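For the sequence shown, full-length UniProt numbering gives the first residue as 34, with consecutive numbering after it.
Note that CB positions come from ideal geometry on N, CA and C, so glycine has one too.
Nothing here was measured: the structure is a model prediction, and the numbers come from that model.
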Amino acid sequence: VPVEAKGIMEVKSKDVSAAEDTEDEIEDNKKRHLNVVFIGHVDAGKSTTGGQILFLSGQVDDRTIQKYEKEAKDKSRQSWYMAYIMDTNEEERVKCAPDIWVKACLSGIAYGPEVVVLIFQGHKSYVPNMISGASQADIGVLVISARKGEFETGYERGGQTREHVQLAKTLGVSKLLVVVNKMDDPTVNWSKERYDEIESKMIPFLRSSGYNVKKDVQFLPISGLAGANMKTRVDKSICPWWNGQCLFEALDAVEIPQRDPKGPFRLPIIDKFKDMGTVVMGKVESGSVREGDNLLAQVKVLAVYCDEDKVRRAGPGENLRVRLSGIEEEDIVCGFVLCGVARPIAVVSEFVAQLQILELLDNAIFTAGYKAVLHIHAVVEECEIVELMQQIDLKTKKPMRKKVLFVKNGAIVVCRIQVNNVICIEKFSDFPQLGRFTLRTEGKTIAVGKVTDLSA
Ligand code: GDP
Numbered sequence: 034v035p036v037e038a039k040g041i042m043e044v045k046s047k048d049v050s051a052a053e054d055t056e057d058e059i060e061d062n063k064k065r066h067l068n069v070v071f072i073g074h075v076d077a078g079k080s081t082t083g084g085q086i087l088f089l090s091g092q093v094d095d096r097t098i099q100k101y102e103k104e105a106k107d108k109s110r111q112s113w114y115m116a117y118i119m120d121t122n123e124e125e126r127v128k129c130a131p132d133i134w135v136k137a138c139l140s141g142i143a144y145g146p147e148v149v150v151l152i153f154q155g156h157k158s159y160v161p162n163m164i165s166g167a168s169q170a171d172i173g174v175l176v177i178s179a180r181k182g183e184f185e186t187g188y189e190r191g192g193q194t195r196e197h198v199q200l201a202k203t204l205g206v207s208k209l210l211v212v213v214n215k216m217d218d219p220t221v222n223w224s225k226e227r228y229d230e231i232e233s234k235m236i237p238f239l240r241s242s243g244y245n246v247k248k249d250v251q252f253l254p255i256s257g258l259a260g261a262n263m264k265t266r267v268d269k270s271i272c273p274w275w276n277g278q279c280l281f282e283a284l285d286a287v288e289i290p291q292r293d294p295k296g297p298f299r300l301p302i303i304d305k306f307k308d309m310g311t312v313v314m315g316k317v318e319s320g321s322v323r324e325g326d327n328l329l330a331q332v333k334v335l336a337v338y339c340d341e342d343k344v345r346r347a348g349p350g351e352n353l354r355v356r357l358s359g360i361e362e363e364d365i366v367c368g369f370v371l372c373g374v375a376r377p378i379a380v381v382s383e384f385v386a387q388l389q390i391l392e393l394l395d396n397a398i399f400t401a402g403y404k405a406v407l408h409i410h411a412v413v414e415e416c417e418i419v420e421l422m423q424q425i426d427l428k429t430k431k432p433m434r435k436k437v438l439f440v441k442n443g444a445i446v447v448c449r450i451q452v453n454n455v456i457c458i459e460k461f462s463d464f465p466q467l468g469r470f471t472l473r474t475e476g477k478t479i480a481v482g483k484v485t486d487l488s489a
């Protein structure tokens with residue numbers, strides 16, 4: 034997050050005094066910090082668009098682009114060079130056949146002066162990563178391929194367009210920018226009919242997934258590969274019918290959600306390593322952290338790094354590395370949540386949740402004893418449904434009177450869930466980011482849920 038870090042570094046160079054703390058805090062609140070997650074079917078053009086954003090916003094120089102272009106050409110993958118920007122190492126690039134692209138799924142990249150962009154690669158088995166990506170995002174960019182046949186494949190059953198949209202909604206991505214990509218493709222050729230067809234098919238689906246299409250969804254056509262309608266509006270000679278915004282304008286106009294730097298400190302740990310002590314990584318979901326803070330009984334913050342830069346303090350929404358003393362790396366498990374002494378997080382092995390059943394494997398029934406894998410913030414744990422408590426009427430949204438023993442696809446049900454190991458979670462109503470989850474079996478998302486009660 035280079036830009037963010039720059040802002041904070043200036044603060045660091047000043048004399049540190051208590052009086053300035055409040056100033057920092059006011060300053061931090063003014064900072065524009067937007068987390069964006071790219072979602073969509075594999076090959077829709079997420080990486081290409083991401084690479085193009087980097088290029089157009091001046092984050093990659095011409096020489097590097099030429100190098101990628103040459104490399105891509107040598108491997109007969111000319112059209113992939115933009116996507117190469119998103120890749121970090123040679124080994125991953127070699128593997129980048131479309132459907133097995135297993136690049137690390139989230140790269141924090143910066144667009145323009147102030148926006149943080151998170152990228153997700155659309156391979157099926159990477160949905161769990163999308164979950165952690167989306168739970169960090171304020172807005173989703175849903176990339177759809179307009180190329181003949183590709184929109185259809187992504188959209189039909191088993192395609193990732195639907196699954197990603199449903200997950201994004203449940204994971205709290207409240208706004209979507211739907212970019213209809215590959216408009217330059219010969220099968221599309223900036224056709225208004227094709228664009229309208231995709232928009233009109235997507236709208237009812239987005240609505241049924243819970244999006245208020247008028248307020249929270251915006252469509253626009255682009256070519257990620259050609260960089261058209263991205264930094265500047267598409268030329269009328271190419272697309273005479275488009276009068277709306279380009280992608281950068283649309284991202285610039287996104288309102289940043291308010292974050293409370295004074296809330297209790299919460300940082301779910303997504304990675305850890307040893308480097309002159311114990312270092313943990315993750316995004317601050319709530320509150321702030323600064324050097325010298327005491328966390329648990331003996332754990333103390335030695336240093337805070339935002340991207341490569343050491344910063345004095347960091348607030349909500351920042352992706353950090355935090356160097357700690359008083360705890361060994363071996364004692365930390367990913368999924369632990371770093372929090373302050375004053376209001377520690379709940380640690381439970383059982384909780385109550387409201388679940389929405391999406392699609393059970395082979396139309397199985399969902400009942401007590403059902404086992405699945407729970408994905409909640411950075412936690413992945415096996416769990417078991419121990420009791421179905423109440424079914425919610427889909428029309429009235431109220432609990433139904435009659436006792437519930439099993440439910441099927443589409444049902445909403447309140448149930449008690451048990452996990453094998455203790456986990457750190459919060460009630461959805463207190464901390465949405467730490468209280469929403471998905472249940473998966475055999476690599477498929479079968480339900481999404483919200484934690485409604487914590488019991489020991
Ligand atoms: P991802 O799996 O969603 O990240 O998709 P990629 O960015 O890897 O793109 C998949 C393929 O679609 C690559 O061959 C790209 O060159 C191609 N592609 C992506 N965007 C465009 C575009 O705007 N126009 C055309 N014609 N091809 C594109």
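Whose CA, out of 432, 448, 485, 198, lies closest to the CA of residue 243?
Among 432, 448, 485, 198, the Cα nearest to that of residue 243 is on 198.
For ligand 1, is there a heavy atom less than 7 Å away from the beta-carbon of residue 243?
Ligand 1 has no heavy atom closer than 7 Å to the beta-carbon of residue 243.
Just to confirm, does residue 73 get its C-beta within under 7 Å of one of the non-hydrogen atoms of ligand 1?
For ligand 1, at least one heavy atom lies less than 7 Å from the Cβ of residue 73.
Just to confirm, does residue 401 get its C-beta within under 7 Å of one of the non-hydrogen atoms of ligand 1?
Not so, every heavy atom of ligand 1 lies at least 7 Å from the Cβ.
Verify whether the separation of the beta carbon atoms of residue 488 and residue 383 is less than 8 Å.
Yes.
Which two residues bound the contiguous alpha helix (DSSP H) that contains residue 248?
Following the DSSP letters along the chain, one finds residue 248 inside the alpha helix (DSSP H) bounded by residues 246-249.
Residue 377 to residue 323 span [Cα, whole Å]:
Using only the alpha carbons, I get a separation of about 17 Å.
Report buried or exposed for residue 189, applying the criterion of at least 16 other Cβ atoms within 10 angstroms of its Cβ.
Residue 189 is exposed by the Cβ-count criterion.
Taking just the CA atoms, how far does residue 449 sit from residue 152?
Legend: pLDDT at residue 152 = 44, less than 50; position of this residue unreliable, value from coordinates given subsequently. Distance between the alpha carbons of residue 152 and residue 449 is about 34 Å.
Who pairs with residue 270 in a beta bridge, going by DSSP?
DSSP, once it has assigned bridges, lists no residue as partnering residue 270.
Check whether the Cβ atoms of residue 390 and residue 470 lie closer than 8 Å to each other.
Contact flag unset, no.
Can you have a look at residue 231 and say buried or exposed, based on whether 16 or more other CB atoms are within 10 angstroms of its CB?
By the 16-neighbour rule on beta-carbons within 10 angstroms, residue 231 is buried.
Run through the region 405-451 for me and flag every whole beta strand (DSSP E) of 3 or more residues, listed as ranges in chain order.
Residue ranges of uninterrupted beta strand (DSSP E) with 3 or more members, entirely inside the region 405-451 and ordered along the chain, are 412-425.
Integer-rounded CB distance, given that residue 312 should sit under 8 Å from residue 356
That pair is a contact at about 5 Å.
Flag this pair as touching only if the region 456-463 and the region 434-443 have three or more C-beta atom pairs under 8 Å; answer yes or no.
Flag = no, the region 456-463 and the region 434-443 do not touch.
Output the boundary residues of the beta strand (DSSP E) element that contains residue 350.
First-last for residue 350: undefined, no H or E at that position.
How many angstroms separate the CA atom of residue 464 from the CA atom of residue 101?
Rounded to whole angstroms, residue 464 to residue 101 spans 42 Å at the Cα level.
Taking 8 Å as the cut-off, decide whether the C-beta atoms of residue 358 and residue 310 are in contact.
Yes, these two residues count as a Cβ contact at 8 Å.
When every heavy atom of ligand 1 is checked, does at least one fall within less than 7 Å of the C-beta of residue 215?
Because some heavy atom of ligand 1 lies under 7 Å away, the Cβ of residue 215 counts as near it: yes.
Determine the extent of the beta strand (DSSP E) in which residue 486 is found, giving its start and end residues.
Boundaries of the beta strand (DSSP E) around residue 486: 477-488.
Contact between the region 222-230 and the region 293-310 is defined here as three or more beta-carbon pairs at a separation below 8 Å; is this criterion met?
With a cut-off of 8 Å, the region 293-310 and the region 222-230 do not count as touching, because too few Cβ pairs lie within range.
How should residue 480 be labelled, buried or exposed, when 16 other C-beta atoms within 10 angstroms of its C-beta is the threshold for buried?
By the neighbour-count criterion, in which 16 or more other beta carbons inside 10 Å mark a residue as buried, residue 480 falls on the buried side.
Can you give the beta carbon distance from residue 328 to residue 373, rounded, assuming they're within the 8 Å contact cut?
6 Å between Cβ atoms; contact.
Can the beta-carbon of residue 353 be found less than 8 Å from the beta-carbon of residue 315?
For residue 353 and residue 315, yes; Cβs fall inside 8 Å.
To the nearest angstrom, how far is the alpha carbon of residue 400 from that of residue 307?
One C-alpha to the other measures close to 43 Å.
Alpha carbon to alpha carbon, how far is residue 246 from residue 192?
Rounded to whole angstroms, residue 246 and residue 192 show a C-alpha spacing of 21 Å.
Using a 10 Å radius around the Cβ and a threshold of 16 neighbouring Cβ atoms, would you call residue 122 buried or exposed?
Because residue 122 sits at a pLDDT of 37, beneath the cut-off of 50, its placement in the model cannot be relied upon, and the following sentence gives the value as read from the coordinates. By the Cβ-count criterion, residue 122 is exposed, with fewer than 16 other Cβ atoms from all chains shown falling within 10 Å of its own Cβ.
When we look at the beta-carbon of residue 171 and count the other beta-carbons within 10 Å, is it buried (16 or more) or exposed?
Using a 10 angstroms sphere on the CB of residue 171, the tally of other CB atoms reaches 16 or more, which defines it as buried.
Report the three-state DSSP secondary structure of residue 398 (helix, strand or coil).
It is coil, neither helix nor strand.
Measuring alpha carbon to alpha carbon, tell me which of 442, 386, 432 ends up nearest residue 420.
Of the candidates 442, 386, 432, the one whose C-alpha sits nearest the C-alpha of residue 420 is 386.
Go through its chain and collect everything with a Cβ distance to residue 215's Cβ below 7 Å, but skip five positions before and after it.
These residues qualify, in order along the chain: 78, 178, 179, 180, 221, 256.
Within a Cβ cutoff of 6 Å, which residues of the same chain sit near residue 272, ignoring the five residues on either side of it in sequence?
Once the five neighbours on either side are set aside, the close Cβ partners of residue 272 are 223.
Can you give me the Cβ contacts of residue 173 inside the same chain, cut-off strictly under 6 Å, excluding the 5 residues immediately before and after it?
Once the five neighbours on either side are set aside, the close Cβ partners of residue 173 are 70, 72, 201, 206, 209.
Please determine whether the Cβ atom of residue 257 lies at a distance below 7 Å from any heavy atom of ligand 1.
With a cutoff of 7 Å, residue 257 counts as near ligand 1, since its C-beta is closer than that to a heavy atom of the ligand.
Taking 6 Å as the limit between beta carbons, can you name the residues of its chain near residue 379, skipping five residues before and five after?
487.
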